[in-house]
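Letter by letter, the sequence shown follows residues 3 to 343 of our numbering.
Here is the structure we will look at.
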Amino acid sequence: MKSSLLASILILSISDTPAQGAGLKAVAVSPDRSLVAAGGTNGVVVWETKTSKVIGKFSTTGTVQCLGFVKDSRTVVVGLDSKGAEAWIQKAGVWMRAAHFAGDGTIYALAIPPSGKEVAIASDSGWTYLYETEKWHQTGVLWERANLTSGIAFSPDGSGLASAGNSFSMWDLRTASGLRKARADRSYEELEATSKKFWTWSRAVGEPEVDVYCSDITFSPDGKRVAGTTGVGRHFTGGKRLFVLEASTGRDVWVGRGNGMLTVTYAAEGTALVTGSDDGKLRVWHPENGKMLREWRGHEKSVRQVAQLGGKQFVSVGEDGKVIAWDVDSGELVARFVPDK
């Protein structure tokens, strides 16, 4: 990405937009870094990063819990509260709903691989559905013993899918022929035997308890490691720990502690980990040893999500109604822009 483009990725205040209300819950950056989208109680706002102009607003049929861009950067998939998922496509400058899928449950997480050919949708029932992104037909289903999946992520090459919630699992999608053909009423044991799930992690890091809640999960850029935030207890709302695991084995690389961490992402081409917490603070961690490098209060309320912008910048969204771009090395705010009213 050119520096001029990065310099124009900014703070985007959400006042007087459809996303304003009880707080924002999700932010996404398009694959080509040309767009930023944020969603919340009343819908989604989309900005052009180069000019910081609002180029689209649309009202969804429910509160936006998560969202992501498809590869073409003109399609946004949103997961909704008790309303399933929707796909919105920009045509001639207008955002139109192209599909509704994944039933009527609450969708807490979604993930789209770099190829953009499919999307994984995680519901509150423990099911994770796979859909192709051309006609939005279901192509596969995974099921966990947990009744909540709060985070999912594709590996950079699209061959693996990590899911986190009351348990944490890695699925090998290249050899999972059984997964692709699995019926929704199959038992967990049958699905596990045929889908080539190669490891499951279901414990609190460094503690004897077996009940764990993972609030977010992300792959390193090289796909060799997985980072997540976790806390003990099914109903725990904020992670007490930041952990890094080997993606191939599930073995711990390191474990760190923080206050109420809700979200995590790799930044600066994998040379830093960034977390956001329920106290409004952002923290940068060394990805190899877990040392906290810096922290600052970036939001007046909870940080709901952080996402990589490219280079040494990342973006955060908070319940205070702001989307903010930060410099990883200094923690400095990049810029502030107010969208069109």
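Glycine included, every Cβ here is placed at the ideal spot set by N, Cα and C.
Quantities reported herein were computed from a predicted structural model and do not represent experimental measurements.
Reducing DSSP to helix, strand and coil, say where residue i ends up.
i: A94; result: coil
i: I326; result: strand
i: E248; result: strand
i: E50; result: strand
i: E302; result: coil
i: E271; result: helix
i: R243; result: strand
i: D187; result: With a pLDDT of 34 at D187, under the threshold of 50, the modelled position of that residue is not reliable, and the figure given next carries that caveat. Here D187 sits in coil by DSSP.
i: L175; result: coil
i: S61; result: coil
i: D224; result: coil
i: D254; result: strand
i: G333; result: coil
i: R259; result: strand
i: T72; result: Note that residue 72 corresponds to Val in the displayed sequence, not to Thr. Reduced to three states, the DSSP call for V72 is coil.
i: L193; result: Note that L193 scores a pLDDT of 36, beneath 50, so its modelled location is shaky and nothing firm can be said.
i: W203; result: Summary for W203: the model assigns pLDDT 48, below 50, so the residue's position carries little reliability, and this model does not support an answer.
For residue i, which residues in the same chain have their Cβ closer than 7 Å to its Cβ, ignoring the five residues on either side in sequence?
i: F1; result: Look at the range of the chain in this structure, 3 to 343, and you will see that residue 1 is not part of it.
i: G272; result: S222, P223, D224, P289
i: E120; result: L132, Y133, E134, T135, T141
i: N291; result: W256
Excluding the 5 residues preceding and the 5 following residue i in the sequence, name in chain order all residues of the same chain whose CB lies nearer than 6 Å to its CB.
i: G81; result: Q67, C68, A87, I109, L112
i: K73; result: P33, G118
i: G105; result: G86
i: K283; result: E297, R299
i: I219; result: G153, A155, A164, A166, G230
i: R99; result: E88, W90
For residue i, which residues does DSSP report across the bridge?
i: I219; result: G230
i: T265; result: G278
i: R296; result: V286
i: Q307; result: V319
i: V38; result: V31, W49
i: K314; result: Partner(s): none; K314 has no beta bridge.
i: S165; result: I154, S171
Residues in its own chain within less than 8 Å of residue i by CB, not counting five upstream and five downstream?
i: E334; result: W328
i: S279; result: G240, G260, N261, G262, M263, L264, R285, S304, V305
i: S84; result: G64, D106, G107, T108
To the nearest angstrom, how far is it from the Cα of residue i to the Cα of residue j?
i: A274; j: P289; result: 5 Å
i: G95; j: S61; result: 16 Å
i: R243; j: K93; result: 43 Å
i: F71; j: T65; result: 18 Å
i: G45; j: K59; result: 8 Å
i: T43; j: G260; result: 28 Å
i: Y131; j: G162; result: 14 Å
i: C216; j: G230; result: 7 Å
i: F156; j: E134; result: 14 Å
i: E321; j: G153; result: 19 Å
i: G300; j: V29; result: 15 Å
i: V286; j: I91; result: 34 Å
i: W298; j: S318; result: 13 Å
i: A39; j: V31; result: 6 Å
i: S171; j: P158; result: 17 Å
i: F245; j: D254; result: 7 Å
i: T77; j: K137; result: 13 Å
i: V336; j: G313; result: 13 Å
i: A122; j: V47; result: 22 Å
i: I326; j: T53; result: 15 Å
i: I57; j: L175; result: 36 Å
i: V228; j: G160; result: 14 Å
i: L295; j: W129; result: 37 Å
i: L26; j: G41; result: 6 Å
i: K226; j: P116; result: 16 Å
i: W173; j: H102; result: 26 Å
i: S75; j: W97; result: 12 Å
i: K293; j: L247; result: 16 Å
i: I114; j: T151; result: 16 Å
i: S250; j: A124; result: 22 Å
i: S332; j: E302; result: 20 Å
i: V79; j: D281; result: 28 Å
i: T232; j: H139; result: 33 Å
Any beta strand (DSSP E) of 3 or more consecutive residues that is wholly inside the region 78-162: Counting only runs of 3 or more, we get 87-93, 96-103, 109-113, 120-125, 129-134, 140-145, 151-156.
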